[in-house]
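**Q** So the protein lines, in turn, are chains A and B.
The opening residue of the first sequence carries number 2 in the numbering used here; numbering runs sequentially from there.
The opening residue of the second sequence carries number 52 in the numbering used here; numbering runs sequentially from there.
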Amino acid sequence: MPFLEIDGVSKGFPAAGGHTEVLRQLSLGIEKGEFVAIVGYSGSGKTTLISLIAGLLAPDKGEVRLEGRALSGPGPDRGVVFQNYSLLPWMTVYENVLLAVDQVFPEWSKEQRREHAERYIALVNLTRARNQRPRELSGGMRQRVAVARALAMDPAVLLLDEPLSALDALTRATLQGEIERIWAANKKTVVMITNDVDEGILLADRIVPLSAGPGATFGPAVTVDIERPRDRKALNHDPRFKNLRGEVIDYLLGPGARKKGAARPRSAGEVAAPLEVGT
Amino acid sequence: MNLAQKLAAVSVPLIGVGAVLLAWSLSSRTWSKSLPSPSRTWEMSRPYVAQPLEKRGEMDQGVLRFAWYSLVLVAKGYALALAVGTPLGFLLGLSPFFNRSFDPIIQVLRPVSPLAWLPLGLVLFENSKPAALFTIAICAMWPTVLNTAVGVRAIPQDYLNVARVLKLSPPKRLFKILIPATLPYMFTGFRLSLGIAWLVIVAVEMLTGAPGIGGFLWQEYNSLIYEHIILCILTIGLVGFVLDKMMGLVESRFKVA
Chain A
2 MPFLEIDGVS
12 KGFPAAGGHT
22 EVLRQLSLGI
32 EKGEFVAIVG
42 YSGSGKTTLI
52 SLIAGLLAPD
62 KGEVRLEGRA
72 LSGPGPDRGV
82 VFQNYSLLPW
92 MTVYENVLLA
102 VDQVFPEWSK
112 EQRREHAERY
122 IALVNLTRAR
132 NQRPRELSGG
142 MRQRVAVARA
152 LAMDPAVLLL
162 DEPLSALDAL
172 TRATLQGEIE
182 RIWAANKKTV
192 VMITNDVDEG
202 ILLADRIVPL
212 SAGPGATFGP
222 AVTVDIERPR
232 DRKALNHDPR
242 FKNLRGEVID
252 YLLGPGARKK
262 GAARPRSAGE
272 VAAPLEVGT
Chain B
52 MNLAQKLAAV
62 SVPLIGVGAV
72 LLAWSLSSRT
82 WSKSLPSPSR
92 TWEMSRPYVA
102 QPLEKRGEMD
112 QGVLRFAWYS
122 LVLVAKGYAL
132 ALAVGTPLGF
142 LLGLSPFFNR
152 SFDPIIQVLR
162 PVSPLAWLPL
172 GLVLFENSKP
182 AALFTIAICA
192 MWPTVLNTAV
202 GVRAIPQDYL
212 NVARVLKLSP
222 PKRLFKILIP
232 ATLPYMFTGF
242 RLSLGIAWLV
252 IVAVEMLTGA
262 PGIGGFLWQE
272 YNSLIYEHII
282 LCILTIGLVG
292 FVLDKMMGLV
302 ESRFKVA
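#1: Nearest by alpha-carbon distance to P230 (chain A): which of A:I183, A:A258, A:L253 is it?
#2: Report all residues from its chain with a CB closer than 6 Å to the CB of A213 (chain A); omit the five preceding and five following residues, and keep chain order.
#3: What residue range is occupied by the uninterrupted beta strand (DSSP E) comprising F14 (chain A)?
#4: So the candidates are A:K33, A:P164, A:K189; which of them puts its Cα closest to the Cα of N196 (chain A)?
#5: Please decide whether V253 (chain B) counts as near chain A, where near means a Cβ-Cβ distance under 8 Å.
#6: How many Å lie between A59 (chain A) and K296 (chain B) at the Cα?
#7: Are the beta-carbon atoms of F117 (chain B) and I281 (chain B) separated by less than 8 Å?
#8: So what does DSSP say about M154 (chain A), is it helix, strand or coil?
#9: Please check if any C-beta of chain A sits within less than 8 Å of the C-beta of R215 (chain B).
#10: Specify the secondary structure class of H20 (chain A) as computed by DSSP and reduced to three states.
#11: Classify P87 (chain B) as helix, strand or coil using the three-state DSSP reduction.
#12: Answer with yes or no whether the minimum CB distance from A59 (chain A) to chain B is below 8 Å.
#13: As an exercise, report each continuous alpha helix (DSSP H) stretch of at least 4 residues that is fully enclosed by the segment 71 to 155 of chain A, in chain order.
#14: List in chain order: all unbroken alpha helix (DSSP H) runs of 4+ residues lying wholly within the segment 267 to 291 of chain B.
#15: At a CB-CB cut-off below 9 Å, which residues of chain A make contact with P231 (chain B)?
#16: Identify whether K33 (chain A) lies in helix, strand or coil by the three-state DSSP scheme.
#17: Indicate the three-state DSSP secondary structure (helix, strand or coil) for F219 (chain A) in the structure shown.
#18: Cβ of P75 (chain A) less than 8 Å from any chain B Cβ?
#19: Can you pull the chain A neighbours of N212 (chain B), defined as C-beta to C-beta under 9 Å?
#20: Is the beta carbon of P210 (chain A) sitting closer than 8 Å to the one on V40 (chain A)?
#21: Taking L219 (chain B) as the query, report the chain A residues whose CB atoms sit under 7 Å from its CB, ordered along the chain.
#22: Quick one: grab the DSSP three-state call for A55 (chain A).
#23: Work out the CA separation of G201 (chain A) and Q177 (chain A) for me, nearest whole Å.
#24: Output, in chain order, the set of chain B residues within a Cβ distance shorter than 8 Å of A174 (chain A).
#25: Drop a sphere of 10 angstroms on the beta-carbon of M2 (chain A), count the other beta-carbons inside from all chains shown, and report buried for 16 or more, exposed for fewer.
#26: Which residues of chain A have a Cβ atom closer than 7 Å to the Cβ of D209 (chain B), listed in chain order?
#27: Comparing alpha-carbon positions, which option in A:L138, A:L161, A:F14, A:Q104 lies nearest V192 (chain A)?
#28: Residues in the segment 157 to 173 of chain A with C-beta within 9 Å of chain B's C-beta atoms, listed in sequence order?
#29: Counting Cβ pairs closer than 8 Å, one from the segment 127 to 141 of chain A and one from the segment 92 to 108 of chain A, do we hit at least three?
#30: Say whether chain B places a C-beta atom closer than 8 Å to the C-beta of A149 (chain A).
#31: Say whether chain A places a C-beta atom closer than 8 Å to the C-beta of A308 (chain B).
#32: Check whether chain A comes within 8 Å of K227 (chain B), counting only Cβ atoms and requiring the distance to be less than that.
#33: Assign P39 (chain A) to one of three DSSP states: helix, strand, or coil.
#34: Given P156 (chain A), which residues of its chain have a CB within under 6 Å of its CB, disregarding the five upstream and five downstream residues?
#35: Can you round the beta-carbon distance between K218 (chain B) and G76 (chain A) to whole angstroms, since I take them to be within the 8 Å contact cut?
#36: Using the beta-carbon count (16 or more within 10 Å), is F238 (chain B) buried or exposed?
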């Protein structure tokens with residue numbers, strides 16, 4: 002039995018003139034400690050999928066199970082790093098993390114909770130920014146606060162919703178390294194949503210492509226059999242990397258692309274743009 | 052800013068003041084003989100302005116002393132307005148059902164003049180003091196109610212998701228998420244409410260005869276000392292201006308990114 006199981010999940014929303022099915026019949030099993038990247042087009046329902054796993058949305062059909070139990074709502078066993086970080090702007094870095102710690106470990110002493118929060122702030126290298134508020138931080142730093150807050154809850158699963166998409170390429174590369182380091186140190190089960198195939202190959206054990214919506218479905222999963230730690234520069238010349246990338250992109254541009262004449266017309270350029278293929 | 056700019060910053064607003072003084076002066080000379088001229092107004096007002104805290108009798112006191120009485124009454128009514136208006140705003144913002152049931156009646160009560168509420172207050176409380184507080188509170192609370200409600204509805208879903216993922220208890224959700232997220236809107240409401248409370252006080256004092264800047268104004272009208280009417284108007288305006296500036300400063304401190 003997989004640790005985290007998405008079983009026949011469909012989800013739609015009311016739309017003009019009826020109902021749009023965003024996700025159709027998704028099934029995926031994720032093992033404990035596994036790092037899975039879900040790669041897909043912008044607007045294909047990736048955030049909807051992460052919200053379903055987080056329990057912020059309920060599926061129309063099917064269910065999501067964690068250790069065999071069906072999920073019925075959000076909870077701190079699934080730490081979420083939202084796309085826009087969702088830090089509370091009136092709280093400092095420390096207070097943002099501590100709010101989560103206080104909530105998840107109410108039985109600990111005040112001192113224990115303080116130390117725990119400090120430890121995770123240190124883990125993402127933000128001790129010096131401890132007393133700053135989110136608006137005083139750069140995008141990359143906010144992102145790290147969000148990661149620290151999610152990790153400090155000691156969740157069974159870490160859900161990352163395009164965590165790096167709003168960052169510039171250099172910051173992005175740095176944080177990719179940090180995410181891998183933190184994952185290796187904590188051995189959390191991670192589900193990461195991304196529109197960057199290379200990012201998926203760099204970080205994940207397995208890549209699951211999500212086809213274009215509406216009615217997005219999973220494509221064939223691709224196992225990333227490249228040993229860790231993975232070197233970004235060496236990867237570019239690794240034939241296995243090229244093969245993997247080819248496999249994922251072939252699916253996304255081929256069977257996984259929008260069907261011709263689908264509900265929402267968009268130019269070919271717009272569809273292709275959100276997929277970052279080159280390096 | 053160089054000297055010329057500084058000079059302009061001070062002198063340009065004086066053009067407006069000068070124009071009003073001129074119109075006032077001309078009016079008192081031409082079509083309205085009973086309107087006292089600016090110089091005569093200053094002459095008659097000097098003892099009240101020069102010794103602003105002097106108390107010569109119950110209805111013969113310096114302008115700041117009168118203004119202070121009014122401010123104390125406003126403060127009480129305003130506190131009542133905030134104490135009732137803020138929770139009401141939260142309820143309207145949080146509960147669509149509550150909003151649907153109470154929004155129409157609020158829209159009807161909101162434009163009612165203080166002059167209309169005061170007699171009802173007198174009927175209800177049979178005493179001018181609580182009636183005055185009632186009138187200030189019920190007129191001043193609407194901007195607080197409506198802005199708080201808008202602020203609560205405008206809370207980004209992200210913050211509410213944080214509360215859900217962390218499973219915050221309702222009180223924690225209120226104090227850690229809802230109130231801080233709504234504060235900027237609440238303070239806009241508080242500032243507008245204070246402006247209204249200060250508008251209302253004059254009407255209330257006129258009708259109840261309570262000592263204060265509005266009561267003084269009405270008494271001087273009845274005593275045919277028209278110069279003091281103008282003195283009172285200017286005092287009310289200046290105090291209101293200072294109050295608004297002060298609230299503006301507080302408000303800007305709560306604007307978060």
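Note that beta-carbon positions come from the ideal geometry of N, C-alpha and C, so glycine has one too.
**A** On the basis of the coordinates in this document:
#1: Working through the first sequence from its first residue, we reach residue 230 (chain A) at position 229. For P230 (chain A), the nearest C-alpha among the options comes from A:I183.
#2: Within the first sequence, residue 213 (chain A) is the residue found at index 212, counting from 1. Y42, S45, A258, R259.
#3: For the purposes of this step, residue 14 (chain A) is taken as residue 13 along the first sequence, with counting starting at 1. Boundaries of the beta strand (DSSP E) harbouring F14 (chain A): 5 to 16, taken from the DSSP string.
#4: The count along the first sequence starts at 1 and reaches residue 196 (chain A) at position 195. Taking only the C-alpha atoms, the option nearest N196 (chain A) is A:P164.
#5: One-based indexing of the second sequence puts residue 253 (chain B) at position 202. Taking Cβ atoms only, chain A never reaches closer than 8 Å to V253 (chain B), which makes this a no.
#6: Counting from one through the first sequence, the residue named residue 59 (chain A) turns up at place 58. Counting from one through the second sequence, the residue named residue 296 (chain B) turns up at place 245. The straight-line gap from Cα to Cα measures roughly 49 Å.
#7: Counting from one through the second sequence, the residue named residue 117 (chain B) turns up at place 66. Counting from one through the second sequence, the residue named residue 281 (chain B) turns up at place 230. No, Cβ-Cβ distance for F117 (chain B) and I281 (chain B) is not below 8 Å.
#8: Here residue 154 (chain A) is taken as the residue at index 153 of the first sequence, counted from 1. M154 (chain A) falls in the coil class under three-state DSSP.
#9: As a working note, residue 215 (chain B) is residue 164 in the second sequence. Closer than 8 Å to some Cβ of chain A, the Cβ of R215 (chain B) qualifies, so yes.
#10: One-based indexing of the first sequence puts residue 20 (chain A) at position 19. Strand at H20 (chain A).
#11: Taking the second sequence and counting its residues from 1, the one referred to as residue 87 (chain B) is at position 36. Three-state result, P87 (chain B): coil.
#12: The residue you call residue 59 (chain A) lines up with position 58 of the first sequence. It does not: the Cβ of A59 (chain A) has no partner Cβ on chain B nearer than 8 Å.
#13: 94 to 105, 111 to 124, 140 to 153
#14: The alpha helix (DSSP H) runs of length 4 or more contained entirely in the segment 267 to 291 of chain B do not exist; there are none.
#15: Here the question's residue 231 (chain B) lines up with position 180 in the second sequence. L89, P90, W91, M92, listed in chain order.
#16: By one-based count along the first sequence, residue 33 (chain A) stands at place 32. It is coil, neither helix nor strand.
#17: Translated into positions along the first sequence, residue 219 (chain A) becomes position 218. In this structure, F219 (chain A) counts as strand in the three-state DSSP scheme.
#18: Locating residue 75 (chain A) in the first sequence gives position 74, counting from the first residue. Interface residue, yes.
#19: Position 161 of the second sequence, counted from the first residue, corresponds to residue 212 (chain B). Those within 9 Å of N212 (chain B) in chain A are S52, A55, L57, P75, V81, F83, S87.
#20: As a position in the first sequence, residue 210 (chain A) is number 209, starting the count at 1. As a position in the first sequence, residue 40 (chain A) is number 39, starting the count at 1. Yes, they are a contact pair.
#21: Along the second sequence, read from residue 1 onward, the residue named residue 219 (chain B) stands at position 168. Simply Q104.
#22: Here the question's residue 55 (chain A) lines up with position 54 in the first sequence. Three-state result, A55 (chain A): helix.
#23: As a first step, residue 177 (chain A) is located in the first sequence; it is residue number 176 there, counting from the start. As a first step, residue 201 (chain A) is located in the first sequence; it is residue number 200 there, counting from the start. Cα-Cα distance, rounded: 10 Å.
#24: The sequence position of residue 174 (chain A) within the first sequence is 173, counting from 1. Under the 8 Å cutoff, chain B gives no residues; its nearest Cβ is about 26 Å from A174 (chain A).
#25: The residue you call residue 2 (chain A) lines up with position 1 of the first sequence. When all chains shown are included, M2 (chain A) counts as exposed.
#26: Against the second sequence, residue 209 (chain B) aligns to sequence position 158. Going along chain A in sequence order, the residues near D209 (chain B) (Cβ under 7 Å) are F83, N85, S87.
#27: Reading the first sequence from its first residue, position 191 is the one you call residue 192 (chain A). Cα-wise, what sits closest to V192 (chain A) is A:L161.
#28: Listed in chain order, the positions of the segment 157 to 173 of chain A with a beta carbon within less than 9 Å of a beta carbon of chain B would be empty, since no residue qualifies.
#29: Output reads yes: the segment 92 to 108 of chain A touches the segment 127 to 141 of chain A.
#30: The residue labelled residue 149 (chain A) in the question sits at position 148 within the first sequence. By this cut-off, A149 (chain A) is not an interface position.
#31: Reading the second sequence from its first residue, position 257 is the one you call residue 308 (chain B). With a pLDDT of 42 at A308 (chain B), under the threshold of 50, the modelled position of this residue cannot be trusted, and the question is left open.
#32: Here the question's residue 227 (chain B) lines up with position 176 in the second sequence. Chain A contact via Cβ: present.
#33: Taking the first residue of the first sequence as 1, we reach residue 39 (chain A) at position 38. It is worth fixing the name first, because residue 39 (chain A) is Ile in this sequence and not Pro. Three-state DSSP puts I39 (chain A) in a strand.
#34: Start at 1 with the first residue of the first sequence, and residue 156 (chain A) comes out as number 155. Within the same chain, D78, R79, G80 come within 6 Å of P156 (chain A) by CB-CB distance, once the 5 residues on both sides are set aside.
#35: Here residue 218 (chain B) corresponds to residue number 167 of the second sequence, with the count starting at 1. Here residue 76 (chain A) corresponds to residue number 75 of the first sequence, with the count starting at 1. In this structure K218 (chain B) touches G76 (chain A) by the C-beta definition: roughly 6 Å separates them, less than 8 Å.
#36: What you label residue 238 (chain B) is simply residue 187 of the second sequence in a count that begins at 1. Of the other Cβ atoms in all chains shown, 16 or more fall within 10 Å of the Cβ of F238 (chain B); this residue is therefore buried.
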